[in-house]
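The sequence shown begins at 13 in our numbering and counts up by one.
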Amino acid sequence: MKILKLSVLFTLFTNTVFCQNNDLPDWLLNPDYYNNSQYAIGVSDPLPDSTMAFEQAFNRALFNYAVFNEGKYASLTAVATANAQQTNFNINNIETVLFSSLLKANFALNDSFKVVHKIYSHYGECFVLLRKTNEPKTKQCLLNFSLIRRIAFYNDDAGMPVSSDEFEIKALINNQPIVYYKASRDILSKYSIVSEFRYKKQWKKFSVENKYRSYTNSNFSEQEFYQCAENLNYGFWAAYLYALSDQISIYSALNQNITQGLVSIRQGNMQEQMIASELEVLYNIQKIEVRDIDIRLKKLDVSGNKLIVQLAGKKSMQNIDYVQAILKRKEKKMLKIMQKDLWQEVNVRDYRQAYYIQKFYQNKDNYLNSEATTKSGNIASGIIQGILIARLGIETQAKSKIVSISQIETSAEKNTVVKNSKLVSNTNTKNIFPYLFFIKKINTNAYLIHTKLFYKISEN
Numbered sequence: 013m014k015i016l017k018l019s020v021l022f023t024l025f026t027n028t029v030f031c032q033n034n035d036l037p038d039w040l041l042n043p044d045y046y047n048n049s050q051y052a053i054g055v056s057d058p059l060p061d062s063t064m065a066f067e068q069a070f071n072r073a074l075f076n077y078a079v080f081n082e083g084k085y086a087s088l089t090a091v092a093t094a095n096a097q098q099t100n101f102n103i104n105n106i107e108t109v110l111f112s113s114l115l116k117a118n119f120a121l122n123d124s125f126k127v128v129h130k131i132y133s134h135y136g137e138c139f140v141l142l143r144k145t146n147e148p149k150t151k152q153c154l155l156n157f158s159l160i161r162r163i164a165f166y167n168d169d170a171g172m173p174v175s176s177d178e179f180e181i182k183a184l185i186n187n188q189p190i191v192y193y194k195a196s197r198d199i200l201s202k203y204s205i206v207s208e209f210r211y212k213k214q215w216k217k218f219s220v221e222n223k224y225r226s227y228t229n230s231n232f233s234e235q236e237f238y239q240c241a242e243n244l245n246y247g248f249w250a251a252y253l254y255a256l257s258d259q260i261s262i263y264s265a266l267n268q269n270i271t272q273g274l275v276s277i278r279q280g281n282m283q284e285q286m287i288a289s290e291l292e293v294l295y296n297i298q299k300i301e302v303r304d305i306d307i308r309l310k311k312l313d314v315s316g317n318k319l320i321v322q323l324a325g326k327k328s329m330q331n332i333d334y335v336q337a338i339l340k341r342k343e344k345k346m347l348k349i350m351q352k353d354l355w356q357e358v359n360v361r362d363y364r365q366a367y368y369i370q371k372f373y374q375n376k377d378n379y380l381n382s383e384a385t386t387k388s389g390n391i392a393s394g395i396i397q398g399i400l401i402a403r404l405g406i407e408t409q410a411k412s413k414i415v416s417i418s419q420i421e422t423s424a425e426k427n428t429v430v431k432n433s434k435l436v437s438n439t440n441t442k443n444i445f446p447y448l449f450f451i452k453k454i455n456t457n458a459y460l461i462h463t464k465l466f467y468k469i470s471e472n
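What follows is the structure, given as structure tokens:
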């Protein structure tokens, strides 16, 4: 077993290792073990008890196995825009985007799993690699789990958006609850985590603290920083789940929606109504049909104490066909300004190439395009928000069903009136491609994200 810069203090038995420092085993970052139906990987929270950590990691490995081999998925999106919001002081354009997804699995775990590797980190986390033995279990084991992802954005003309960005996991074995895990992420990418699980017939509850946990010694360059990367300060598992669910959300939003429908949002004070709307989205997401989803990892990497997860199967922007167009003087000037302001593109390393790709597809008559600029403390959630808003523009151009509502409703407390607004019912579309995400760091805690989407409407 190869360990990256691993110093071993001692070995309990052949597959258990305690680490002196914070370097990670190579198998933990190897996508092949996640994509192979014979293996499962699990990671515990940073816990003071090694036996407890191992049992938690083992159960999470079963959850991870279910995600990659038995997962079913559905998503639900609602977008509400208000053309004018009148207050005592000014008039703002406002926008609310609600996104909720459900990943679930119910399957009979008939095979036994053998521990191949078990490693404990310096912080008390247990990393386990399991392998199926194909030996029938003495007792039938039925695993049920659900991961509900909720993202909500409320934008106005002033500063950072109000947002809700969280996921919740529930898992049962033979109808016995064994795991409850909820994490929320604020606009500055700080987590709030509640982790509960059953251990020795007792329900244990832990809060994972925000503290500096260093997992690698490699340098994280500014170029690499503009990827969808998760901070590892709250432990590997929290970063992994956020990064994975972000990538699934981005992938599903770029591709044909499996299930999508209209969620009615009462008009009025949008910020007040957003909470009620989120509950309605949550209620509806559990009723809609889920379908099989094929989740495969392309990349799992740790650099600069951040975790990067990329999914396989997504169309690559690296080898996209385009012809470098001749830029007008105004366009050349804009390109120079954006380069000077340190804009970068997430998928295309050469910013000039990304600019030429955008120019090329904008000039093609058989492509619709739409864009959105968002501000976020987390790149991935900002990209998701940008995709949903830009996709709205494409679907509107493609003559999706639009329900216009003219209504006046006053909130006594906030003295807010929405004069005119609209709800958009999203319909299924084909894949969105190409897509560009231009990123600019505007301060220590925030990024400006410009999303550009293209949609092919004919072959000629």
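Glycine included, each C-beta is placed from N, C-alpha and C at the ideal position.
Keep in mind the model is a prediction, meaning the values are calculated, not measured.
> If you run the structure through DSSP and keep just helix, strand and coil, what is N432?
Replying inline: Any reading at N432 is ruled out, since the residue's pLDDT is 37, under 50, leaving its predicted position unreliable.
> Can you list, in chain order, the residues of its chain whose CB lies under 7 angstroms from that of F80, leaving out five sequence neighbours each side?
Replying inline: So the list reads Y46, N47 and I307, once near-sequence residues are dropped.
> How long is the line joining the alpha carbons of K144 and S124, rounded to whole angstroms?
Replying inline: When rounded, the distance between both Cα atoms is 6 angstroms.
>> On the CB-based measure, 16 or more other CB atoms within 10 Å of its CB, does S175 come out buried or exposed?
In response: A residue is called buried when at least 16 other Cβ atoms come within 10 angstroms of its Cβ; S175 meets this threshold and is buried.
> Which value, in whole angstroms, describes the spacing of the CA atoms of W215 and E208?
Replying inline: Approximately 7 angstroms between the Cα atoms of the pair.
> Candidates V128, N146, S315 and Q152: which alpha carbon is nearest A241's?
Replying inline: Answer by Cα proximity: S315.
> So, are the CB atoms of F466 and Q356 less than 9 angstroms apart?
Replying inline: With contacts defined by Cβ atoms closer than 9 angstroms, F466 and Q356 do not form a contacting pair.
> At what residues does the beta strand (DSSP E) containing E242 begin and finish?
Replying inline: First-last of the beta strand (DSSP E) with E242: A241 to N243.
> Thinking C-alpha only, which one of N156, K342 and Y166 is nearest A120?
Replying inline: Of the listed residues, the one whose Cα sits closest to A120 is N156.
> For the candidate residues I262, A117 and F70, whose alpha-carbon lies nearest to that of F111?
Replying inline: The shortest Cα separation from F111 among I262, A117 and F70 belongs to I262.
>> Checking 9 angstroms against the spacing of the C-beta atoms, do K464 and N378 come in under that value?
In response: No, they are not a contact pair.
>> To the nearest angstrom, how far is the alpha carbon of L309 from that of R341?
In response: C-alpha separation (whole angstroms): 43 angstroms.
>> So, at 8 angstroms on beta carbons, what are the nonlocal neighbours of I190 in its own chain, with the 5 sequence-adjacent residues on each side left out?
In response: Result list for I190: N71, A183, L184, F209 and R210, in chain order.
>> Within a Cβ cutoff of 7 angstroms, which residues of the same chain sit near G136, ignoring the five residues on either side of it in sequence?
In response: Taken in chain order, the residues that qualify are P58, L59, P60 and A65.
>> My output table needs one value for F179: the three-state DSSP class, helix, strand or coil.
In response: Assigned with DSSP and collapsed to three states, F179 falls in strand.
> Leaving out the 5 sequence neighbours to the left and right, which residues in its chain are closer than 7 angstroms to Q50 when beta-carbon positions are compared?
Replying inline: Contacts found: R143 and K144.
> What do you reckon, are the CB atoms on R197 and E178 nearer than 9 angstroms?
Replying inline: Going by C-beta atoms, R197 is nearer than 9 angstroms to E178.
> For the segment 301–335, which segments carrying the beta strand (DSSP E) assignment without a break, of at least 3 residues, lie completely within its bounds, in sequence order?
Replying inline: Every beta strand (DSSP E) stretch that sits fully inside the segment 301–335 and reaches 3 residues is listed by chain position as 309–315 and 318–323.
> In the structure shown, what three-state DSSP assignment does S201 receive?
Replying inline: Three-state DSSP puts S201 in coil, outside helix and strand.
>> I'd like the span of the alpha helix (DSSP H) that includes G398, first residue to last.
In response: Per DSSP, G398 is one residue of the alpha helix (DSSP H) stretching across I391 to Q409.
>> Along the chain, where does the beta strand (DSSP E) containing W249 start, and where does it finish?
In response: W249 -> not in any beta strand (DSSP E); alpha helix (DSSP H) instead, spanning F248 to L266.
>> Considering only their Cβ atoms, is the gap separating F248 from L40 smaller than 9 angstroms?
In response: Cβ distance < 9 angstroms, so L40 and F248 count as in contact.
> Are the beta-carbon atoms of G405 and S388 separated by less than 9 angstroms?
Replying inline: 9 angstroms or more divides the Cβ of G405 from the Cβ of S388.
> Do S393 and D258 come within 9 angstroms of each other at the CB atom, strictly closer than that value?
Replying inline: Cβ atoms of D258 and S393: closer than 9 angstroms.
> Where does the unbroken beta strand (DSSP E) through I53 begin, and where does it stop?
Replying inline: Per DSSP, the continuous beta strand (DSSP E) segment holding I53 begins and ends at Y51 to V55.
> Thinking just about the alpha-carbon of each residue, which of G398, L114, Q365 and E221 is nearest to the one in A250?
Replying inline: Nearest to A250 by alpha-carbon distance, out of G398, L114, Q365 and E221, is E221.
> N443: buried (16+ other C-beta within 10 angstroms of its C-beta) or exposed?
Replying inline: Looking at its Cβ environment, which holds fewer than 16 other Cβ atoms inside 10 Å, N443 is exposed.
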